[in-house]
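Residue numbering for the sequence shown follows UniProt numbering, beginning at 1 and increasing consecutively. Quick reminder that beta carbons are idealized off the backbone N, C-alpha and C, glycines included. To keep things clear, I will list the structure first and then write my remarks on it.
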Amino acid sequence: MVTIRPVDLKVQPAPYQIRYNVLQKVVKTLEKFEATSGNAGSRAMELEGNVARKSGSSQSYRFNSSVLLRDLIKTKGKLEEIEAPGVRAVNKRSGSRETMARSNAIKLLGKVLIEKSVLAANGYNTGAADLNSNPDRTLDLLTNSDHNYISCIRCNTKFDKLQILSPATCRFHVQRKRYNRETREGEYVCCGETTSSTSFLALGCKTMPHHVFRAETFEEMATISVFRDTSYIDGDHNVLALDCEMAFTSLGYEMIRLTIVDFFTSKIVFDSIVQPFGQVIDLNSEFSGVHAIEKSESMTFDKMLSQVLCKNMINANSVLIGHGMENDLNVLRLIHKKIIDTAILYPRGKFKSSLKDLAFEVVSKRIQNGEHDSSEDAIATMCVLKAKLGIPLHQTVWS
Ligand SMILES: [Zn+2]
Ligand SMILES: [Zn+2]
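Here it is in structure tokens:
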């Protein structure tokens with residue numbers, strides 16, 4: 001009888017206890033499906049060992065082992081179907097030379113269009129309220145001083161929105177907090193400071209001279225620029241993936257780059273830096289990838305809209321694809337009906353999935369390792385959708 005324990009490796013991708021727990025889960029799963037004739041232990045050690053060997057960090061180990069367990073459950077422990085844990089069966093299909101008719105792809109996409117009520121529940125403006133025709137309310141929002149005191153979304157300090165450009169001290173953590181199972185404490189991903197730390201750095205690892213905010217309601221958003229309903233624009237039945245990068249300005253959270261990619265040709269059909277209405281406070285360069293907004297290399301918001309809202313780009317008939325696209329459409333101030341959102345379609349348990357995880361999981365694409373790139377994100381979103389629906393990934397000519 002072999003002792004069931006993680007195989008020794010020169011470089012351990014994860015602590016022994018974590019590997020041991022994964023191994024036990026693999027054994028239990030194999031036994032549950034009676035997938036092996038009594039040698040579940042050694043088969044589990046082999047499978048877990050493979051995962052550990054190909055994982056370069058504890059994060060990738062966690063990811064790869066969860067994929068292994070998921071695949072085991074999906075195939076009811078039929079090991080021969082899991083030749084490479086972490087590489088989905090769908091990749092085999094999309095990697096082949098087969099092609100699909102455009103009409104078939106459109107049919108498949110039609111089946112995953114998100115319903116209006118679901119869009120509304122996920123923060124999309126579906127045009128339910130008449131947002132642009134309430135001048136009194138808009139005036140109230142602009143002049144009522146109660147609305148001017150808001151909490152900074154980075155450091156939670158209350159501040160006067162109208163004084164946002166006066167110097168302040170905003171201390172915050174760049175990334176979110178996560179729970180560390182080993183230390184049983186909250187830990188900031190950015191700098192490793194813990195919630196119980198008494199160090200000065202626990203208050204935040206970055207300091208900026210201004211607080212920041214983002215408009216919470218469609219009414220507030222409409223005070224900066226009105227929403228436009230695309231149903232009034234006639235045009236081609238096209239399919240487009242889009243992604244925006246945003247920055248903090250004196251007027252809140254605004255779009256600074258827009259990229260639109262054609263679903264069928266994978267060609268970038270629009271990509272431009274866009275000037276925000278407010279004064280820039282933070283370009284979020286480490287995420288947005290935008291380091292400067294030069295007048296000569298950018299366009300105004302209105303010029304951008306006049307170029308993208310048209311017969312052969314975004315119109316009433318367009319199917320728009322994005323990941324968590326409510327953010328993009330809200331900064332674009334667009335109300336659109338035909339939407340496919342991969343964050344809604346492919347959630348992670350009760351949470352929204354991140355595009356980074358989804359792209360890696362579904363199409364083995366590594367994105368957002370450094371700065372975000374809206375063209376890369378738009379393409380990754382499209383690839384995820386194609387792979388999930390069985391639409392050939394690399395087909396660029398359609399009949
Ligand atoms: Zn930090
Ligand atoms: Zn702040």
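Closest to GLN163 by C-alpha separation, out of HIS211, GLY110, CYS155 and ASN180, would be which residue? Looking from the CA of GLN163, the closest CA among HIS211, GLY110, CYS155 and ASN180 belongs to HIS211.
Using a Cβ cut-off of 7 Å (strictly closer), state whether ILE150 contacts chain B. Absent from the structure: chain B. Only one protein chain is present.
For GLY123 and LEU329, the rounded distance between their alpha carbons: LEU329 and GLY123 have their alpha carbons spaced roughly 10 Å apart.
Sub-7 Å separation of CYS170 and CYS152 beta-carbons: Cβ distance < 7 Å, so CYS170 and CYS152 count as in contact.
Nearest to GLU245 by alpha carbon, out of ILE260, GLY235, VAL239 and ASN50? That would be ILE260, whose Cα lies nearest to the Cα of GLU245.
Taking 6 Å as the cut-off, does the CB of HIS211 come closer than this to any heavy atom belonging to ligand 2? Ligand 2 approaches HIS211 closely enough that one of its heavy atoms is under 6 Å from the residue's Cβ.
Test item, CB below 6 Å from any non-hydrogen atom of ligand 1: Spelled out in chain order, the answer is HIS173, VAL174, TYR188, CYS190, CYS191, GLU193 and CYS205.
Just the Cα atoms here: how many angstroms apart are ALA380 and ASP262? Computed Cα separation, rounded: 12 Å.
Taking just the CA atoms, how far does ALA120 sit from GLN59? One alpha carbon belongs to GLN59, the other to ALA120, and they sit about 34 Å apart.
Could you give the distance in angstroms between the alpha-carbon of TYR188 and the alpha-carbon of ALA359? For TYR188 and ALA359, the distance between alpha carbons rounds to 24 Å.
Work out the CA separation of LEU251 and GLY278 for me, nearest whole Å. Taking the straight line joining both Cα atoms gives about 5 Å.
Give the DSSP-derived three-state secondary structure of LEU113 in the structure shown. In this structure, LEU113 counts as coil in the three-state DSSP scheme.
Who are the Cβ neighbours of PHE270 in its own chain at under 6 Å, not counting the five residues just before and after it? Hits under 6 Å: ILE260 and VAL308.
Quick check on DSSP: helix, strand or coil for GLU216? In the three-state scheme derived from DSSP, where H, G and I count as helix and E and B as strand, GLU216 is classed as coil.
From what residue to what residue does the alpha helix (DSSP H) around GLY41 run? Counting along the chain, the alpha helix (DSSP H) containing GLY41 begins and ends at 40 to 54.
Going by beta carbon distance, what residues of the same chain come within less than 7 Å of LYS78, once the five residues before and after it are set aside? Correct list, in chain order: ALA35.
Residues that GLY204 bridges to, as DSSP identifies them: Answer by DSSP bridge pairing: none, since GLY204 is not bridged.
Taking DSSP as the reference, what is the three-state secondary structure of ARG184? If DSSP states are grouped into helix, strand and coil, ARG184 belongs with coil.
Would ILE321 pass as a contact of SER298 if the rule is Cβ separation under 7 Å? Not in contact: ILE321 and SER298 (Cβ atoms no closer than 7 Å).
Is THR207 near ligand 2 - that is, is its Cβ less than 6 Å away from at least one heavy atom of it? For ligand 2, no non-hydrogen atom lies closer than 6 Å to the CB of THR207.
Considering only residues of the same chain and omitting the five flanking positions on each side of THR265, which have a CB-CB separation below 6 Å? Within the same chain, Cβ atoms closer than 6 Å to the Cβ of THR265 are found at THR396, the five residues on either side in sequence being excluded.
Reduced DSSP category for LEU9 - H, G, I as helix; E, B as strand; rest coil: Here LEU9 sits in coil by DSSP.
Same chain, Cβ closer than 6 Å to GLY95, neighbours up to 5 away in sequence not counted: With a pLDDT of 48 at GLY95, under the threshold of 50, the predicted position of this residue should be treated as unreliable, and no value is reported.
Tell me the DSSP bridge mates of GLU254? DSSP, once it has assigned bridges, lists ALA247 as partnering GLU254.
Using 6 Å as the cut-off, classify the Cβ of THR249 as near or not near the heavy atoms of ligand 2, replying yes or no. No.
Does the beta-carbon distance from ARG339 to ASP229 come in below 7 Å? In the sequence as presented, Arg is not what sits at residue 339; that position holds Ile. Contact flag unset, no.
First through last residue of the beta strand (DSSP E) which encompasses GLN279: Careful: GLN279 lies outside any beta strand (DSSP E) and carries neither H nor E.
Coil, strand or helix - CYS383 by DSSP: Correct three-state label for CYS383: helix.
MET45 beta carbon less than 7 Å from that of VAL7: Between VAL7 and MET45, the C-beta gap is smaller than 7 Å, which places the two residues in contact.
Any idea what DSSP makes of TYR61, helix, strand or coil? The answer is helix: DSSP assigns TYR61 an H, G or I state.
Following the continuous alpha helix (DSSP H) through TYR20, name the residue where it begins and the one where it ends. Per DSSP, the unbroken alpha helix (DSSP H) holding TYR20 starts and ends at 16 to 32.
Between the CA atoms of SER55 and VAL22 - distance to the nearest angstrom: One C-alpha to the other measures close to 14 Å.
Neighbourhood of GLU193 by C-beta, 7 Å cutoff - its chain only, sequence neighbours within 5 removed: Correct list, in chain order: SER199, LEU201, ALA202 and CYS205.
Can GLY41 and ILE73 be called in contact, C-beta distance under 7 Å? The answer is no: Cβ separation not under 7 Å.
How long is the line joining the alpha carbons of LYS356 and ASN39, rounded to whole angstroms? Looking at the backbone, the Cα of LYS356 and that of ASN39 are separated by about 36 Å.
Helix, strand or coil for LEU165, going by three-state DSSP, please let me know. LEU165 falls in the coil class under three-state DSSP.
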